[in-house]
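Protein chains: 2
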Amino acid sequence: MKKVSLLAPGPTPVPPRTLLAMAQPLIHHRSSDFADLFGRVRQGLKNIFKTKNEVLVFCSSGTGAMESAVANLLSPGDKAIAVRGGKFGERWSEILEAYGCQPVNLEVEWGRAVKPEAVAKLLAADPAIKAVYVQALETSTGVEHPIKELAQATKKTGAVLVVDAVSALGAYDIPCDQWGLDVVISGSQKALMLPPGLAFVSIGPKALAAMKQSKCPKYYFSWAKELKNQTENKGAFTSPVPLFVGLLDVFQLIEEMGLDKIYAETALKSRAFKAAVAAWGLKLYSQDNPSVGLTAVEAPAGVNGQDVVGWLKNKYAIFIAGGQAQAKGKIFRVAHMGYISEFDTLQAISAIEMALAGLGYKFEMGAGVAAAQKVFGEA
Amino acid sequence: MKKVSLLAPGPTPVPPRTLLAMAQPLIHHRSSDFADLFGRVRQGLKNIFKTKNEVLVFCSSGTGAMESAVANLLSPGDKAIAVRGGKFGERWSEILEAYGCQPVNLEVEWGRAVKPEAVAKLLAADPAIKAVYVQALETSTGVEHPIKELAQATKKTGAVLVVDAVSALGAYDIPCDQWGLDVVISGSQKALMLPPGLAFVSIGPKALAAMKQSKCPKYYFSWAKELKNQTENKGAFTSPVPLFVGLLDVFQLIEEMGLDKIYAETALKSRAFKAAVAAWGLKLYSQDNPSVGLTAVEAPAGVNGQDVVGWLKNKYAIFIAGGQAQAKGKIFRVAHMGYISEFDTLQAISAIEMALAGLGYKFEMGAGVAAAQKVFGEA
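Going down the list, the protein sequences come from chains D and V. Each residue of the first sequence is one higher than the one before, counting from 61 in the working numbering. Each residue of the second sequence is one higher than the one before, counting from 61 in the working numbering.
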């Protein structure tokens, strides 16, 4: 009877109608019906990525798509910048090392955004650098990196800009073509409101040229193979049919509401939640560009962030996220993207208040809820 | 209103109760509930693989798991035998080449099974060969390769035996430990009655030793990383939660029925279908070891196999499969594995009779249905 609430930055809740759409009997992945579905999914992805580039679909977690952006763009020994401002930034270095490439590690303090000038400087100093790997929204810190400016910094160089937008795409506007983003990666389980299992990669002309030079091994994640197949509305390998059905359903929901309205509502939930954090007298972990997609909160002195997460999980079956790696225990994180309503947000605020009080933090109970209600009420 | 029937060798139909189980609201992939589910799924996999080895779960199609068995076992330049008796056998060579390994191609005529002596001879001639890659059931030809005998042939050599059992596991008995199979691969969308999206790899001691020497790049498909995580009942990356829920439901169905009974019923459906083929005066494409998991039928002279497939699809919304690559047009294939009943099998037989008659083949209408009914009736 426990009423579970998912308020962690992925997987986010799936709309019940989408869950039921995915529960329909399977259609065959080599049928004309599936090809029709595939074609509509391709167009829907292009609409959300705001791109004319092809957006490939892989059956994997987002990490698989991240790996594909190393394996398909580089050759062993190649240098590439990894913007390391959190756990997912550090993952870029790990993948680069796994493929025998040379990561040029750009260390960014957790909670800070990368400075575009720092990237520009590295690129100017070493024209051999082939790519820049960065997150749009570094999920582990709640910070948005300045993607538009990074695109300016890379545009006139030989380096391909690769943006992990797994938790960003659909939470706020990342206009791929307008900003000139060479590669953008996303996944099904965040703002796209689906279960995990699909990853997406948009590939622009500069990336296609780099792909042709790449000598790293790839097979399942081969862009060339999937480009050949997916432009004919089929996957090279067996496609996870129900997730395609779900994705089309989600695109319909998004179209009904309109992307701009979704971005505005995500921003509103974020503003309301951040008002609650201020009312508690707590600080955001994100010192630069706190994201609208999620909020990372510093736990008060004397309270372990993991205990807040555990309190919500064990007492109320509400799932928020703790900190990862060096942020573990110091923070807790709450999502605003996807199928999360203003009242889900108020529920999270209310539950966190009860946890903070229970864990001995002194503050005015209800202050956060009131602050958030005020933001919602004025909107 | 079209009543769709999936009778192709994957994806197979998913039991409605399993579809609904998967439509439940998601639980979080980093929760103790999911860890409990993961642990039960691990045990369920070991039961079906009949192994004490760890069986890893990946979010990918079966091809991803095949690739993992190259990337995690070999180093660039390594030699390995690829048993090429069909489209999936040929895929081994493609993956080996993608990773800079040297495939020792063992060509087997499509429709034939590999001779264990041929593998033994190659291994004896070149002790540098590090692995043997083969299918248990070559889905493109309907042939079962002699896996037990291949295990005998490789056991005393330095070579690791890697068995792709994507369409075999759960259709007939492949006792991993009893036969001494080093690596066995499977997927969710065949005899395990689930949508595509999960792939499995069991890893024995000899393979673990080879893994430690392997220098091919891997990240998403890293066995070492997943062994570390999955033995603690979690995935290294975001797990596709609903498929885990579905898998546990399927394991419950399998346990209720019993593996032996499932194998017997699959064999019975196969026998009935093959009796129909004989009654039509047609031949199996599988000249050696025709599988119980599916039947590959040679289209009669003057009839294109694709037209049989198209007839069923367009007129009756029944999905069977045609031939692939060199077998295209020559054959059609019908599955017996998974959630397919004897009456689904009779439906396929009946529909094929109507297609064959419509396409001008002369035979006694109803003879196949009667022959199959006789087999079912006597069972």
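All C-beta atoms in this analysis are idealised placements derived from N, C-alpha and C, irrespective of residue type, glycine included.
Limits of the unbroken alpha helix (DSSP H) element including residue i
| i | result |
| --- | --- |
| P176 of chain V | P176 to A185 |
| K139 of chain D | Segment K139 to R144 is the beta strand (DSSP E) holding K139 of chain D; no alpha helix (DSSP H) there. |
| R151 of chain V | K147 to A158 |
| R393 of chain D | Note, R393 of chain D: premise wrong, no alpha helix (DSSP H); beta strand (DSSP E) at I391 to A395. |
| I245 of chain V | It is not in any alpha helix (DSSP H) - I245 of chain V instead sits in the beta strand (DSSP E) that spans V243 to G247. |
| A131 of chain V | G122 to A131 |
| F281 of chain D | Unbroken run through F281 of chain D: none, as it is neither H nor E. |
| A385 of chain D | Looking at the DSSP string, A385 of chain D is not in any alpha helix (DSSP H), and its letter there is neither H nor E. |
Closest by C-alpha distance to residue i, when choosing among the options
| i | options | result |
| --- | --- | --- |
| S65 of chain V | V:A432, V:V394 and V:A439 | V:V394 |
| A356 of chain D | D:K375, D:A336, D:N374 and D:L116 | D:A336 |
| A219 of chain V | V:R151, V:L182 and V:M317 | V:L182 |
| R144 of chain V | V:T298, V:E325, V:L419 and V:H205 | V:H205 |
| A196 of chain V | V:D186, V:A184, V:K190 and V:P235 | V:P235 |
| A296 of chain V | V:G240, V:W283 and V:V305 | V:W283 |
| A131 of chain D | D:G99, D:A411 and D:E157 | D:E157 |
| Q366 of chain V | V:L344, V:I391 and V:I378 | V:I391 |
| F260 of chain V | V:F281, V:Q347 and V:P73 | V:F281 |
| D96 of chain D | D:E438, D:Q290 and D:Q347 | D:Q290 |
| R331 of chain V | V:K434, V:N107, V:F109 and V:V115 | V:K434 |
| S227 of chain D | D:A387, D:P176, D:L416 and D:A68 | D:A68 |
| S274 of chain D | D:W340, D:V352 and D:K139 | D:K139 |
| L416 of chain D | D:A225, D:E177, D:M317 and D:G370 | D:G370 |
| L419 of chain D | D:L372, D:G428, D:G437 and D:A439 | D:L372 |
| S410 of chain D | D:T214, D:I189, D:N165 and D:W340 | D:W340 |
| I263 of chain D | D:C276, D:G257, D:P256 and D:S246 | D:S246 |
| E169 of chain D | D:A180, D:E150 and D:Q84 | D:E150 |
| K208 of chain V | V:D237, V:A185 and V:R100 | V:D237 |
| L86 of chain V | D:E438, D:V429, D:F379 and D:E424 | D:F379 |
Cβ pair residue i, residue j closer than 8 Å
| i | j | result |
| --- | --- | --- |
| S91 of chain V | F148 of chain V | no |
| A81 of chain V | V305 of chain V | yes |
| G70 of chain D | K334 of chain D | no |
| Y399 of chain D | P187 of chain D | no |
| M397 of chain D | G230 of chain D | yes |
| V310 of chain V | L241 of chain V | no |
| S128 of chain V | K278 of chain V | yes |
| Y345 of chain V | Y232 of chain V | no |
| E286 of chain D | L116 of chain D | yes |
| K329 of chain D | T405 of chain D | yes |
Partners in chain D for residue i, counting only beta-carbon separations shorter than 7 Å
| i | result |
| --- | --- |
| M82 of chain V | A83 |
| Y159 of chain V | P277 |
| P75 of chain V | By Cβ distance, chain D contributes nothing, its closest Cβ being about 10 Å from P75 of chain V, past 7 Å. |
| E127 of chain V | Y279 and Y280 |
Within chain D, partners of residue i - CB distance below 9 Å
| i | result |
| --- | --- |
| F379 of chain V | I87, H88, R90 and S91 |
| L79 of chain V | M82, A83, Q84, P85, L86 and P302 |
Opening and closing residue of the beta strand (DSSP E) in which residue i lies
| i | result |
| --- | --- |
| A415 of chain V | Careful: A415 of chain V lies outside any beta strand (DSSP E), inside the alpha helix (DSSP H) at E402 to G418. |
| Y193 of chain V | I189 to Q195 |
| F260 of chain V | L258 to I263 |
| N107 of chain D | It is not in any beta strand (DSSP E) - N107 of chain D instead sits in the alpha helix (DSSP H) that spans S92 to F109. |
| N165 of chain V | Q162 to E167 |
| T355 of chain V | L354 to E358 |
Neighbouring residues, chain V, relative to residue i (Cβ below 7 Å)
| i | result |
| --- | --- |
| I155 of chain D | Y279 |
| L66 of chain D | L86 and H88 |
| P255 of chain D | L86, P300, V301 and P302 |
| Q433 of chain D | Correct list: empty, because the minimum Cβ distance to chain V is about 26 Å. |
Residues that residue i contacts on chain V, provided the C-beta gap is smaller than 9 Å
| i | result |
| --- | --- |
| T123 of chain D | Y279, Y280, A296, F297 and T298 |
| K373 of chain D | H88, S91 and S92 |
Amino acids of chain V, ordered along the chain, whose beta-carbon sits closer than 8 Å to that of residue i
| i | result |
| --- | --- |
| G70 of chain D | T298 |
| S351 of chain D | Result: empty, since nearest Cβ-Cβ is about 19 Å, beyond 8 Å. |
Partners in chain D for residue i, counting only beta-carbon separations shorter than 8 Å
| i | result |
| --- | --- |
| Q249 of chain V | T298 |
* For the stretch 283-313 of chain V, enumerate the residues whose C-beta is nearer than 9 Å to any C-beta of chain D, in chain order. => G295, A296, F297, T298, S299, P300, V301, P302 and L303
* When you check each C-beta in the stretch 385-406 of chain V against every C-beta of chain D, which residues fall closer than 8 Å? -> none
* **Within 7 Å of chain D by C-beta, residues of the stretch 234-246 of chain V in sequence order** => none
* To do: Please name the residues in the stretch 190-204 of chain D whose beta-carbon is closer than 9 Å to at least one beta-carbon of chain V, in chain order.
  => none
* **Residues from the stretch 109-121 of chain V in contact with chain D, defined by Cβ distance under 9 Å** => F118, C119, S120 and S121
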